[in-house]
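No gaps in the numbering here: position 43 of the sequence shown is 62 in our numbering, and each next residue is one more.
Glycine included, every Cβ here is placed at the ideal spot set by N, Cα and C.
Okay, so here's the structure we're looking at.
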Amino acid sequence: MAENTIAWDKDADGIVTLTLDDPTGSANVMNELYAESMRNAVNELVRLVAEDSVTGVVITSAKKTFFAGGDLKGMVKLGPEDAGEAFDTVEGVKRDLRALETLGKPVVAAINGAALGGGLEIALACHHRIAADVKGLVVGLPEVTLGLLPGGGGVTRTVRMFGIQKAFMEVLSQGTRFKPAQAKETGLVDELVGSVEELVPAAKAWIKANPDSHTQPWDAKGYKMPGGTPASPALAGILPSFPALLRKQLKGAPMPAPRAILDAAVEGAQVDFDTASRIESRYFTQLVTGQVAKNMIQAFFFDLRTINGGGSRPEGIGKTPITKIGVLGAGMMGAGIAYVSAKAGFDVVLKDVTIEAAQKGKAYSEGLEAKALKRGKTNPEKSSALLGRITPTADAADFAGVDFVIEAVFESQELKHKVFGEIEDIVEPNALLGSNTSTLPITGLATGVKRQEDFIGIHFFSPVDKMPLVEIIKGEKTSDEALARVFDYTLAIGKTPIVVNDSRGFFTSRVIGTFVNEALAMLGEGVEPASIEHAGSQAGYPAPPLQLSDELNLELMHKIATATRKGVEDAGGRYEPHPAEAVVEKMIEIGRPSRLAGAGFYEYVDGKRTQLWPGLRETFKSGSSQPP
Numbered sequence: 020m021a022e023n024t025i026a027w028d029k030d031a032d033g034i035v036t037l038t039l040d041d042p043t044g045s046a047n048v049m050n051e052l053y054a055e056s057m058r059n060a061v062n063e064l065v066r067l068v069a070e071d072s073v074t075g076v077v078i079t080s081a082k083k084t085f086f087a088g089g090d091l092k093g094m095v096k097l098g099p100e101d102a103g104e105a106f107d108t109v110e111g112v113k114r115d116l117r118a119l120e121t122l123g124k125p126v127v128a129a130i131n132g133a134a135l136g137g138g139l140e141i142a143l144a145c146h147h148r149i150a151a152d153v154k155g156l157v158v159g160l161p162e163v164t165l166g167l168l169p170g171g172g173g174v175t176r177t178v179r180m181f182g183i184q185k186a187f188m189e190v191l192s193q194g195t196r197f198k199p200a201q202a203k204e205t206g207l208v209d210e211l212v213g214s215v216e217e218l219v220p221a222a223k224a225w226i227k228a229n230p231d232s233h234t235q236p237w238d239a240k241g242y243k244m245p246g247g248t249p250a251s252p253a254l255a256g257i258l259p260s261f262p263a264l265l266r267k268q269l270k271g272a273p274m275p276a277p278r279a280i281l282d283a284a285v286e287g288a289q290v291d292f293d294t295a296s297r298i299e300s301r302y303f304t305q306l307v308t309g310q311v312a313k314n315m316i317q318a319f320f321f322d323l324r325t326i327n328g329g330g331s332r333p334e335g336i337g338k339t340p341i342t343k344i345g346v347l348g349a350g351m352m353g354a355g356i357a358y359v360s361a362k363a364g365f366d367v368v369l370k371d372v373t374i375e376a377a378q379k380g381k382a383y384s385e386g387l388e389a390k391a392l393k394r395g396k397t398n399p400e401k402s403s404a405l406l407g408r409i410t411p412t413a414d415a416a417d418f419a420g421v422d423f424v425i426e427a428v429f430e431s432q433e434l435k436h437k438v439f440g441e442i443e444d445i446v447e448p449n450a451l452l453g454s455n456t457s458t459l460p461i462t463g464l465a466t467g468v469k470r471q472e473d474f475i476g477i478h479f480f481s482p483v484d485k486m487p488l489v490e491i492i493k494g495e496k497t498s499d500e501a502l503a504r505v506f507d508y509t510l511a512i513g514k515t516p517i518v519v520n521d522s523r524g525f526f527t528s529r530v531i532g533t534f535v536n537e538a539l540a541m542l543g544e545g546v547e548p549a550s551i552e553h554a555g556s557q558a559g560y561p562a563p564p565l566q567l568s569d570e571l572n573l574e575l576m577h578k579i580a581t582a583t584r585k586g587v588e589d590a591g592g593r594y595e596p597h598p599a600e601a602v603v604e605k606m607i608e609i610g611r612p613s614r615l616a617g618a619g620f621y622e623y624v625d626g627k628r629t630q631l632w633p634g635l636r637e638t639f640k641s642g643s644s645q646p647p
């Protein structure tokens with residue numbers, strides 16, 4: 020029997036422990052080695068059960084995680100021409116899991132670490148699941164977040180465990196990851212132990228106490244699906260709303276996985292287990308060989324892993340710890356930067372032109388902490404310590420000892436030069452000098468400081484406490500040491516850093532700016548506003564362009580355009596205004612600049628968006644033009 024990814028141990032009581040341990044990687048995945056090893060292990064178990072020499076089976080892992088899931092490296096290589104192979108592969112994996120759960124002996128999953136995707140699907144094929152209540156352990160079926168569905172039995176088994184509604188809403192559609200207590204409450208695991216060392220003994224004890232517990236509920240005579248099948252009157256009355264709710268949630272975005280999961284769940288609930296499993300495999304094959312899943316896997320798994328693993332950090336540079344942050348500007352962005360820095364354990368000096376303005380900036384953190392306390396997300400001691408790390412001030416002298424300055428004032432090169440000049444000789448001699456500018460070239464801003472090698476762009480997004488991305492912009496003279504230090508800081512505050520070269524608008528503002536500008540230009544040309552918004556949603560953007568413009572603030576967009584014009588002309592170039600600028604100017608002129616002002620492209624009541632402003636049609640002659 021091949022044991023290259025699964026170690027085999029049989030004790031004196033006849034209990035076999037299968038230990039998942041892929042020698043080719045740091046985590047167990049459903050690759051060819053696993054498939055071969057599991058097939059051989061199951062065949063051997065079937066033989067021994069026939070000889071009545073096995074009393075039960077425990078499945079555990081020698082890795083830090085239990086099982087990482089599918090082999091994503093292999094999946095991204097699959098195309099439509101590989102559909103037959105993909106279907107046969109997933110069916111083979113499930114055939115072995117099905118043989119395991121119908122072995123005729125109790126099988127227990129001893130979950131020592133994260134069990135996501137295929138890892139949880141292995142556990143779901145067991146008759147009892149025990150998890151260690153330890154830090155870092157999560158279970159779940161996150162395939163939908165990668166454009167896939169749980170193709171290893173996850174849909175079929177959770178639907179039979181919980182019913183269509185609970186399985187889809189709570190487990191499958193959002194790709195929710197459950198901590199141990201949550202997993203037990205939901206029903207994904209049956210028992211918790213306090214340590215990894217207790218797992219296998221607890222699993223063996225359960226087998227000895229429950230020698231006849233070797234039949235899944237859905238294989239037992241008289242089984243009824245929780246909540247009923249689609250033919251049940253109670254479920255049939257609400258089931259038609261599921262696709263409508265899903266469509267409303269997705270807003271027409273090209274994301275086939277959630278609908279495929281719903282289809283597999285509903286269709287599978289109307290047939291026997293094995294037929295449902297094949298239905299699940301067909302939907303999985305359709306997704307895994309499609310382009311959307313490839314794009315999502317590349318972006319949300321491989322690219323993020325590279326970034327968070329330091330792929331964009333300069334090599335050969337040691338870590339230089341940052342101890343004290345100085346934030347220039349206590350507006351929304353500066354206040355948010357101060358909060359996330361203090362939350363990560365940094366001491367922060369928050370400066371504005373008056374102490375009242377600086378204190379107002381700190382009040383933003385106080386408000387966030389009050390909400391966190393109310394929701395039980397923190398405790399008074401932690402909250403007090405966090406707020407104690409933020410010092411509001413109007414005095415530049417308080418920047419003594421600061422080794423990382425982050426400027427977050429208005430988008431004006433002259434103003435930014437001024438505020439850096441006030442503190443540059445006060446901060447530490449090697450202090451990083453960072454600007455939160457969203458559009459102004461870093462190389463130009465760096466001319467306002469003496470140490471241009473320590474000057475760098477660090478662009479946060481609003482609201483800072485919620486948005487995970489941070490752009491790090493390297494100017495012409497920015498040193499690798501400065502880049503490495505800012506990269507480390509960004510990871511320390513729990514953000515995802517992307518490193519880009521210097522150019523007006525950098526990366527995100529140029530991409531989003533193009534999206535918004537083209538939409539506003541279409542509005543100015545007479546295209547129906549609703550059509551523009553629908554097109555933006557259907558392209559997959561989380562917010563359509565007119566709604567996004569209200570959030571961004573048209574006055575800010577106007578200031579950026581003005582600064583861009585000045586920068587181009589100061590450099591001797593000729594500025595060509597985008598047609599969107601006329602729309603922005605018109606909206607500001609008629610007093611509809613933003614959601615913050617209570618009026619923009621949309622109407623707002625008590626801060627809540629209600630509908631597109633009816634006056635748009637008259638103002639921009641909507642309907643007079645349509646895109647080809």
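I believe I356 touches N229 by the beta-carbon criterion, under 8 Å. Please report the beta-carbon distance rounded to the nearest angstrom.
Numbered from 1 along the sequence shown, position 337 holds the residue referred to as residue 356. Numbered from 1 along the sequence shown, position 210 holds the residue referred to as residue 229. About 55 Å; that fails the 8 Å criterion.
Near T308, which residues of its chain fall below 7 Å by C-beta distance, leaving aside the five closest residues on each side in sequence?
Walking along the sequence shown from the start, residue 308 turns up at place 289. Closer than 7 Å at the Cβ level, and outside the excluded window around T308, lie L97, G98, P99, D101, A102 and A105.
What I want to know is whether the C-beta of V290 ends up closer than 6 Å to one or more non-hydrogen atoms of the ligand NAD.
As presented, the structure is devoid of all ligands, the ligand NAD included, so that no description of it is given.
Who does A618 pair with in a DSSP beta bridge?
Along the sequence shown, one-based indexing puts residue 618 at 599. A618 is bridged to S613 and E622.
N520 - partner residues in DSSP beta bridges
Translated into positions along the sequence shown, residue 520 becomes position 501. Answer is K493, bridged to N520.
To the nearest angstrom, report how far apart T509 and G182 are at their CA atoms.
Locating residue 509 in the sequence shown gives position 490, where the first residue counts as 1. Locating residue 182 in the sequence shown gives position 163, where the first residue counts as 1. Cα to Cα, the separation comes out at about 42 Å.
Between the C-alpha atoms of L37 and A511, what's the straight-line distance to the nearest angstrom?
By 1-based counting over the sequence shown, the position of residue 37 is 18. By 1-based counting over the sequence shown, the position of residue 511 is 492. Between L37 and A511, the C-alpha separation is close to 38 Å.
Euclidean distance between Cα positions of S384 and A415
Counting from one through the sequence shown, the residue named residue 384 turns up at place 365. Counting from one through the sequence shown, the residue named residue 415 turns up at place 396. So the two alpha carbons sit approximately 21 Å from each other.
Reducing DSSP to helix, strand and coil, say where Q193 ends up.
On the sequence shown, residue 193 is found 174 positions in, with the first residue counted as 1. It is coil, neither helix nor strand.
Using C-beta distances below 7 Å, list every residue in its chain close to L265, excluding the 5 sequence neighbours before and after it, in chain order.
Taking the first residue of the sequence shown as 1, we reach residue 265 at position 246. If we look at L265 and ignore the five residues flanking it on each side, its Cβ neighbours are P277, R278 and L281.
Exposed or buried, which one is A21 when buried takes at least 16 other CB atoms within 10 Å?
Here the question's residue 21 lines up with position 2 in the sequence shown. Summary for A21: the model assigns pLDDT 46, below 50, so the residue's position carries little reliability; its value from the coordinates is reported in the next sentence. Exposed, by the Cβ-count rule.
Does the stretch 458 to 472 come within contact of the stretch 520 to 540, defined as at least 3 CB pairs closer than 8 Å?
yes
Contact between the stretch 440 to 451 and the stretch 336 to 351 (3+ Cβ pairs under 8 Å):
yes
Host beta strand (DSSP E) of E217 (start-end)
Mapped onto the sequence shown, residue 217 falls at position 198. Premise fails: E217 is in no beta strand (DSSP E) and is neither H nor E.
Count the other CB atoms, across all protein chains shown, that sit within 10 Å of the CB of Y594; report buried if there are 16 or more and exposed otherwise.
What you label residue 594 is simply residue 575 of the sequence shown in a count that begins at 1. Under this definition Y594 is an exposed residue.
Using only alpha-carbon positions, find the residue among L254, S528 and A413 that is nearest to K185.
Within the sequence shown, residue 185 is the residue found at index 166, counting from 1. That would be L254, whose Cα lies nearest to the Cα of K185.
Can you list, in chain order, the residues of its chain with a C-beta nearer than 8 Å to that of L211? Leave out the 5 residues immediately preceding and following it.
Counted from its first residue, the sequence shown places residue 211 at position 192. Contacts found: I149, A150, A151, D152, P199, A200 and K203.
Would the beta-carbon of A413 fall within 7 Å of that of A465?
Translated into positions along the sequence shown, residue 413 becomes position 394. Translated into positions along the sequence shown, residue 465 becomes position 446. No, they are not a contact pair.
Per-residue burial, E588 [other beta carbons within 10 Å of its own, 16 or more giving buried]:
As a position in the sequence shown, residue 588 is number 569, starting the count at 1. The residue is exposed, with fewer than 16 neighbouring Cβ atoms inside 10 Å.
Taking the alpha-carbon positions, what's the L434 to V468 distance?
As a first step, residue 434 is located in the sequence shown; it is residue number 415 there, counting from the start. As a first step, residue 468 is located in the sequence shown; it is residue number 449 there, counting from the start. Rounded to the nearest angstrom, the two C-alpha atoms are 13 Å apart.
To which residues of the same chain is L165 closer than 7 Å at the C-beta, ignoring the five residues directly before and after it?
Here residue 165 corresponds to residue number 146 of the sequence shown, with the count starting at 1. Cβ within range, chain order: A312, M315, I316, F319 and F320.
Which whole-angstrom value describes the C-beta separation of L565 and E547, a residue pair presumed to lie in contact below a C-beta threshold of 8 Å?
As a first step, residue 565 must be located in the sequence shown, where it is residue number 546. As a first step, residue 547 must be located in the sequence shown, where it is residue number 528. With 8 Å as the limit, L565 and E547 do not qualify as a contact, their Cβ atoms being about 11 Å apart.
As an exercise, report each continuous beta strand (DSSP E) stretch of at least 3 residues that is fully enclosed by the stretch 100 to 127, in chain order.
none
Apply the 10 Å Cβ neighbour rule to S45 and answer buried if 16 or more other Cβ atoms are within range, or exposed otherwise.
Counting from 1 along the sequence shown, the entry for residue 45 is found at position 26. Exposed is the call here.
Pairing CB atoms from the stretch 55 to 75 with CB atoms from the stretch 25 to 32, are three or more of them under 8 Å?
yes
Hey, G453 and V519 are a contact pair by Cβ (cut 8 Å); roughly how many whole angstroms apart?
Counting from one through the sequence shown, the residue named residue 453 turns up at place 434. Counting from one through the sequence shown, the residue named residue 519 turns up at place 500. Contact doesn't hold; Cβ gap of about 14 Å is too wide.
What did DSSP end up calling A21 once you bin it into helix, strand or coil?
Reading the sequence shown from its first residue, position 2 is the one you call residue 21. Low confidence applies here, because A21 scores a pLDDT of 46, under 50, leaving its location unreliable; read the following figure in that light. Coil at A21, not helix or strand.
Reference T84; option with closest CA among G171, L39 and C145:
Within the sequence shown, the letter at position 65 stands for residue 84. Comparing Cα-Cα distances from T84 to each of G171, L39 and C145, the minimum goes to L39.
Does the beta-carbon distance from I409 to V367 come in below 7 Å?
Taking the first residue of the sequence shown as 1, we reach residue 409 at position 390. Taking the first residue of the sequence shown as 1, we reach residue 367 at position 348. Taking 7 Å as the Cβ cut-off, I409 and V367 qualify as a contacting pair.
Whole angstroms are fine: how far does the CA of A427 sit from the CA of H436?
Position 417 of the sequence shown holds residue 436. Position 408 of the sequence shown holds residue 427. Approximately 12 Å, taken between the alpha carbons.
Indicate whether A288 and V178 have their beta-carbon atoms separated by less than 7 Å.
As a first step, residue 288 must be located in the sequence shown, where it is residue number 269. As a first step, residue 178 must be located in the sequence shown, where it is residue number 159. Yes, these two residues count as a Cβ contact at 7 Å.
Buried or exposed by the 16-neighbour rule on C-beta atoms within 10 Å, applied to N449:
In the sequence shown, residue 449 corresponds to position 430, counting from 1. When all chains shown are included, N449 counts as exposed.
Closer than 6 Å by C-beta to I78: which residues in its own chain qualify, once you throw out the five before and the five after it? Chain order, please.
Within the sequence shown, numbered from 1, the residue matching residue 78 stands at position 59. Answer for I78: L37 and A128, listed in chain order.
Rounded to a whole number of angstroms, what is the C-alpha to C-alpha distance between S214 and D41?
Your numbering for residue 214 matches position 195 in the sequence shown. Your numbering for residue 41 matches position 22 in the sequence shown. Computed Cα separation, rounded: 23 Å.
Extract the residue ranges of the alpha helix (DSSP H) inside the stretch 147 to 207, only unbroken runs of 4 or more that lie entirely within it.
173 to 181 and 199 to 205
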